[in-house]
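Participant: Protein sequence lines, in the order shown, are assigned to chains D and S. Residue 756 in the working numbering sits at position 147 of the first sequence; the count goes up by one each step and never skips. Residue 59 in the working numbering sits at position 71 of the second sequence; the count goes up by one each step and never skips.
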Amino acid sequence: MLLADRLIAVGLMALSAYFMWHAYALPIGWNGMTGGPGGGAFPFWLSAIMLVCAAGILLRSFRNGTADNTSKFFDIETLGSVVSVVVALIVTVAIMPWGGAYIALPLFLLWYLKIFGKHGWVLTLCLTIGTPIFLFFFFEVTLKILLPKGLTQPLFVPLYAIFF
Amino acid sequence: MELLGHLADGFATSLSPMNLMIVIIGVTAGLFIGAMPGLGSVNGVAIVLPLTFIVPPSSAIILLAAIYYGAMYGGAISSILLGIPGASTAVATTFDGRPMAQQGKAGLALIAAATASFVGGTISVILFTLFAAPLADVALAFGPPEEFALVLLAFTTFVGLGGDDVLKTIIMICLGLVLSTVGLDLISGQPRLIFFDQPGFYSGVSFLVLAIGIYGVGEILYTIETSKSAPSVTPAKLTFKELKYGLKEMNKLWKTMSFGSIMGFFVGMLPAAGATPAALMAYGLAKLTSKTSSTFGKGNIEGVAAPETANNAASTGSLLPMLTLGIPGSPTTALLLGGMVMWGLVPGPMLFIEQPDFVWGLISSLYTANLAAVLVNLALIPVFVWALRMPFTVLCAIVLILCLVGGYAPSQKLHDVWLIVGFGVIGYFLRKADYPMAPLVLALVLGPLMERSFRQTLISEQGNVLAFVERPLSATFIALSAIFFLLPLLNMLRRRMRAKTTAGKPAE
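#1: How far does the alpha helix (DSSP H) with Lys723 of chain D in it reach, from first residue to last?
#2: Have a look at S:Tyr190, S:Phe472 and S:Met245 and flag the residue whose alpha-carbon is nearest the alpha-carbon of Thr169 of chain S.
#3: Taking Cβ-Cβ distances shorter than 8 Å, what residues in chain S pair up with Ser690 of chain D?
#4: Closer than 9 Å by beta-carbon distance: list the chain S residues that pair up with Leu734 of chain D, in chain order.
#5: Between Gly326 of chain S and the ligand MG, is the CB less than 8 Å from at least one heavy atom?
#6: Would you mind stating whether Val234 of chain S and Ile408 of chain S have Cβ atoms separated by less than 9 Å?
#7: Closest Cβ-Cβ distance between Ala634 of chain D and chain S: below 9 Å?
#8: With DSSP as the reference, label Pro25 of chain S as helix, strand or coil.
#9: Cα-Cα, which of S:Tyr210, S:Thr227, S:Phe143 and S:Gly131 is closest to Lys93 of chain S?
#10: Along chain S, which residues have their Cβ under 9 Å away from the Cβ of Val702 of chain D?
#11: Quick one: which chain D residues come within Cβ less than 7 Å of Glu439 of chain S?
#12: Tell me whether Gly201 of chain S sits in a helix, a strand or coil according to DSSP, three-state version.
#13: Excluding the 5 residues preceding and the 5 following Ala495 of chain S in the sequence, name in chain order all residues of the same chain whose CB lies nearer than 8 Å to its CB.
#14: Per DSSP, which one or two residues make a beta bridge with Gly58 of chain S?
#15: Given 8 Å as the limit, is there contact between the segment 302 to 318 of chain S and the segment 106 to 126 of chain S, that is, 3 or more CB pairs closer than that?
#16: Strictly below 7 Å CB to CB, what residues from chain D border Thr169 of chain S?
#17: Let me confirm a value: Ile202 of chain S is counted as buried when at least 16 other C-beta atoms fall within 10 Å, else exposed. Which label applies?
#18: Name the chain S residues whose beta carbon is nearer than 7 Å to that of Leu760 of chain D?
#19: Cα-Cα, which of S:Val457, S:Leu418, S:Glu458 and S:Ala463 is closest to Ala618 of chain D?
#20: Measuring alpha carbon to alpha carbon, tell me which of S:Phe254, S:Phe20 and S:Leu350 ends up nearest Asn299 of chain S.
#21: Any beta carbon from chain D within less than 9 Å of Thr244 of chain S's own beta carbon?
#22: Can you confirm whether the segment 392 to 399 of chain S touches the segment 331 to 341 of chain S when touching is taken to mean that 3 or more C-beta pairs between the two stretches lie within less than 8 Å?
#23: So Ser656 of chain D contacts chain S; which residues on that side make the cut at Cβ distance below 8 Å?
#24: Please work out which residues of its chain come closer than 6 Å, Cβ to Cβ, to Arg440 of chain S, disregarding the five sequence neighbours upstream and downstream, and give them in chain order.
#25: Return the residues of the segment 727 to 751 of chain D that lie within a Cβ-Cβ distance of less than 9 Å from chain S, sorted by chain order.
#26: Using a C-beta to C-beta distance shorter than 8 Å, which residues of chain D count as neighbours of Leu418 of chain S?
#27: Looking at Gly108 of chain S and Thr356 of chain S, is the spacing between their C-beta atoms short of 9 Å?
#28: Would you report the Cα separation of Pro757 of chain D and Gly451 of chain S, rounded to the nearest angstrom?
#29: Enumerated in chain order, which unbroken segments of the alpha helix (DSSP H) with a length of 4 residues or greater are wholly contained in the segment 304 to 391 of chain S?
#30: So that I know if they touch, is there some Cβ in chain S lying closer than 9 Å to that of Phe773 of chain D?
#31: Straight-line CA distance for Gly410 of chain S to Asn288 of chain S?
#32: Identify which residue in S:Ala97, S:Met9 and S:Ala54 has its Cα closest to the Cα of Gly291 of chain S.
#33: Beta-carbon of Ala663 of chain D versus every beta-carbon of chain S: anything under 9 Å?
#34: What residues in the segment 186 to 205 of chain S bring their beta carbon closer than 9 Å to a beta carbon of chain D?
#35: Give me the Cα-Cα distance between Thr264 of chain S and Ser318 of chain S, rounded to the nearest whole angstrom.
#36: Return the CA-CA distance between Val702 of chain D and Val692 of chain D, expressed in angstroms with no decimal places.
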């Protein structure tokens, strides 16, 4: 817990420094001409406050640390599940631009329900096939919001001809 | 009298067949979302918001408010049947609801929760109706300095009353505000904070992307880690005899329920407090004043009624500042506010003048939503018992798919979907390290208002910083903010002093 707390504090410090560097591209000081601060002032000084607070958390952990060092940040038993779900999500979004949502999302469901959730084939197939059909009618037909198709684009042309 | 006229006009809108149907769909969806362990009103609204494009804006907001209401009712269901709060707002309901279920009185506990929610909802909606118009009138006098001061006040309540680590709270507020500045500078129009030169950042970071990331993906990751085994569902049967008995029992609890409602309403208005502390406070208070306080925690019906009235009242209370002042009273209302802005309805006093139909339609729909929620809740109890047996992995899979597609739908950029996954993972880590999430979401929603009002004031006053304290209203808000901000510091000093005096005494 203590180590994780420190790492997160350091991470937030780095993040605020990065924000400050970006904000510095715009005037961060008082703009005499119009009165009031420049465009970069708001993000710059707020990031500065963030940096100071994160540093405060880091210092505090060194001053009165050791107290809660016994508790674990992660639950080792279930950490594996969390990591695999995150990886699956990343893979799914990565497939979307070229494979399209209608390949990526069923693959995700198939993995999640069959392999991760260890469900039977009936439930898995019902959801894997039913979800894209629902998404198609809800988003594309009703709302006219087109989901990414990638390679599968030509397959949808006849469907569009029917429903639009 | 004018008020009743407005309300009657509102009912004309909210009782239209379409809006009635929307309310019923909304509360039913809300009840299910609320009943699912881990998912509460804020998760429900975040996940469903992109789907509401299907109805016109004014109906969409009625739908979301109905989901908010339904989720408040639904939270109690899993608190009682599983012993796990369906949402953090229903934590206090487990204290007595779970023991009641274990004694075989699950049905009675569910009736108590539903009736109490209805009483809390109704009393608070009446209070809401009475306060809304006068508050909006006061808010009409607000200029940029008052707006800035009010936003500042909203943030300082998190520091003073939030109860979380002060440094971590300040970090989350600043992070949300900085993220809100991504995109184009409000005044000069220059691009700023375009990370990695990604063109997606030119349009800023949408509140919806952050909310779906944190309350959708992040919440699911958190629940995957914390739920090792499936909890056991206590069966609950509901007969008319029980219903009659339950209502008779509840009739004795008017004092507890009205107290819980009024307190919940006012606690709910504060951005930092909200439904969870309101419910805990109401529980504590009921225990203190009850004649049967010794049976609290062992299945006392009063211990179910008190927190359930308060959390429903608080959810109405948090709508009041959102609608009248444009300052949300809870993360869920922050999302409602973001949604309204997205649909071109800017909350605040002008809304009462420009869109009275919408405002009063929404207010009157709270009455219908409340009634619909209690009826649907009681009628569908067997369905909830069945639904709670749904394997958790199925629920997670569906929610994750909705997060990905829902995040893509509003602006149709994969950039946003990547951000959702990113925010989900970061939010999961931050939440595990006890960083509060509510200030982050509120800051992102209120950030543009805060920066604009600050800079507008300074430009119109030629850079005179004292402009904020020269007007009586904004000076009051700033003074209150200062008090809230210094509160934790004063507490620390007092603790140190006390530690010193107790350490010093033996020497005397």
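The beta-carbon is built from N, C-alpha and C at its ideal position, and this holds for glycine as well. Since this is a predicted model, take the numbers as computed values, not measurements.
Facilitator: In this structure, then:
#1: Careful: Lys723 of chain D lies outside any alpha helix (DSSP H) and carries neither H nor E.
#2: For the residues S:Tyr190, S:Phe472 and S:Met245, the minimum Cα distance to Thr169 of chain S belongs to S:Tyr190.
#3: Residues of chain S passing the Cβ test: Ile212 and Glu213.
#4: The contact set of Leu734 of chain D on chain S, defined by CB atoms closer than 9 Å, is empty, because the minimum CB distance reaches about 13 Å.
#5: Judged by which ligands are present, the structure shown has none, so any question about the ligand MG falls away.
#6: Checking the sequence shown, residue 234 of chain S turns out to be Gly, not Val. Here Gly234 of chain S is not near Ile408 of chain S, since their CB atoms are 9 Å or more apart.
#7: Answer yes: the Cβ-Cβ gap between Ala634 of chain D and chain S drops below 9 Å somewhere.
#8: Coil, per DSSP.
#9: The option with the nearest alpha carbon to Lys93 of chain S is S:Thr227.
#10: Around Val702 of chain D, the beta-carbon contacts reaching into chain S at under 9 Å are Leu392, Leu402, Val405, Trp406, Ile408 and Val409.
#11: Phe651, listed in chain order.
#12: In the three-state DSSP reduction, Gly201 of chain S falls in the helix class (H, G or I).
#13: For Ala495 of chain S, the pLDDT reaches just 41, beneath the cut-off of 50, and the residue's location in the model is therefore unreliable, although a value from the coordinates is still provided. If we look at Ala495 of chain S and ignore the five residues flanking it on each side, it has no Cβ neighbours.
#14: Gly58 of chain S is not bridged by DSSP to any residue.
#15: Judged by Cβ distances under 8 Å, the segment 302 to 318 of chain S makes contact with the segment 106 to 126 of chain S, as three or more pairs qualify.
#16: Within chain D, the C-beta atoms nearer than 7 Å to that of Thr169 of chain S come from Phe651 and Pro652, in chain order.
#17: Here Ile202 of chain S is buried: its Cβ has 16 or more other Cβ atoms, across all protein chains shown, within 10 Å.
#18: Within 7 Å Cβ-Cβ: nothing; Leu760 of chain D doesn't reach chain S, min ~15 Å.
#19: The shortest CA-to-CA distance from Ala618 of chain D to any of S:Val457, S:Leu418, S:Glu458 and S:Ala463 is the one to S:Leu418.
#20: Considering only S:Phe254, S:Phe20 and S:Leu350, the residue with the shortest C-alpha distance to Asn299 of chain S is S:Phe254.
#21: Closer than 9 Å: no.
#22: Counting Cβ pairs under 8 Å, fewer than three are found: no touch.
#23: Contact note: Ser656 of chain D reaches chain S through Cys162 and Val166, using a C-beta cutoff of 8 Å and chain order.
#24: Here Arg440 of chain S has Leu174 as same chain residues with Cβ atoms under 6 Å from its own Cβ, once five neighbours each way along the sequence are excluded.
#25: Hits within the stretch, in order: Lys727, His728, Leu732, Leu736, Thr740, Leu744, Phe747, Phe748 and Thr751.
#26: Correct list: Ile617.
#27: For the 9 Å CB-CB criterion, Thr356 of chain S and Gly108 of chain S do not form a contact.
#28: Rounded to whole angstroms, Pro757 of chain D to Gly451 of chain S spans 48 Å at the Cα level.
#29: Segments of the alpha helix (DSSP H) lying fully in the segment 304 to 391 of chain S: 319 to 330, 337 to 342, 344 to 367 and 369 to 375.
#30: Chain S places no beta carbon closer than 9 Å to that of Phe773 of chain D, leaving this residue out of the contacts.
#31: One alpha carbon belongs to Gly410 of chain S, the other to Asn288 of chain S, and they sit about 44 Å apart.
#32: Residue S:Ala97 is the option with its Cα nearest to Gly291 of chain S.
#33: Interface criterion met: the Cβ of Ala663 of chain D is under 9 Å from a Cβ in chain S.
#34: If the cut-off is 9 Å between Cβ atoms, the segment 186 to 205 of chain S has Val205 near chain D.
#35: Rounded to the nearest angstrom, the two C-alpha atoms are 11 Å apart.
#36: Roughly 16 Å separates the two Cα atoms.
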